[in-house]
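*Asks:* Could you have a look at this structure, given as structure tokens, before my questions?
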């Protein structure tokens, strides 16, 4: 199973989050992915170079408190909900120092 780590220290805005997620979950695309929650869900499902479509993956989000502080709460909550509810994703939350 492939493991992807989202580091909450690496972004501070929605725009930067989407770029970070694209860099993390895709590989060698000749185009940018969408910058919205629907596109993020599609990226998690796979088929964009890092993992196959519907392949089981584990996503670990470290330094979540930093993300919670920096991102708009509705956006942060939507990201967490997507990660918790996407069928092929095993989601693990980690706070500072974990």
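Residue numbers (our numbering): 12 to 109.
In this text, a Cβ means the ideal position worked out from N, Cα and C, and glycines have one as well.
(1) Hey, would you say the C-beta of residue 34 is under 7 Å away from at least one heavy atom of the ligand SAM?
(2) Expressed to the nearest angstrom, what Euclidean distance is found between the alpha-carbon atoms of residue 77 and residue 20?
(3) Under 8 Å, do residue 39 and residue 58 count as touching if we go by C-beta distance?
(4) In the segment 37 to 74, which residue ranges form an unbroken beta strand (DSSP E) of at least 3 residues, counting only runs that do not cross its ends?
(5) In terms of residues, what are the limits of the alpha helix (DSSP H) holding residue 86?
(6) Are the beta-carbon atoms of residue 53 and residue 99 separated by less than 8 Å?
(7) Count the other CB atoms, across all protein chains shown, that sit within 10 Å of the CB of residue 109; report buried if there are 16 or more and exposed otherwise.
*Replies:* So, to answer that:
(1) The ligand SAM is not among the ligands present in this structure, which contains no ligands whatsoever.
(2) 6 Å
(3) no
(4) 68 to 73
(5) 84 to 96
(6) no
(7) Reliability fails at residue 109, whose pLDDT of 49 lies under 50, so the model's placement of it is uncertain and the value that follows must be treated cautiously. With fewer than 16 other Cβ atoms within 10 Å, it is exposed.
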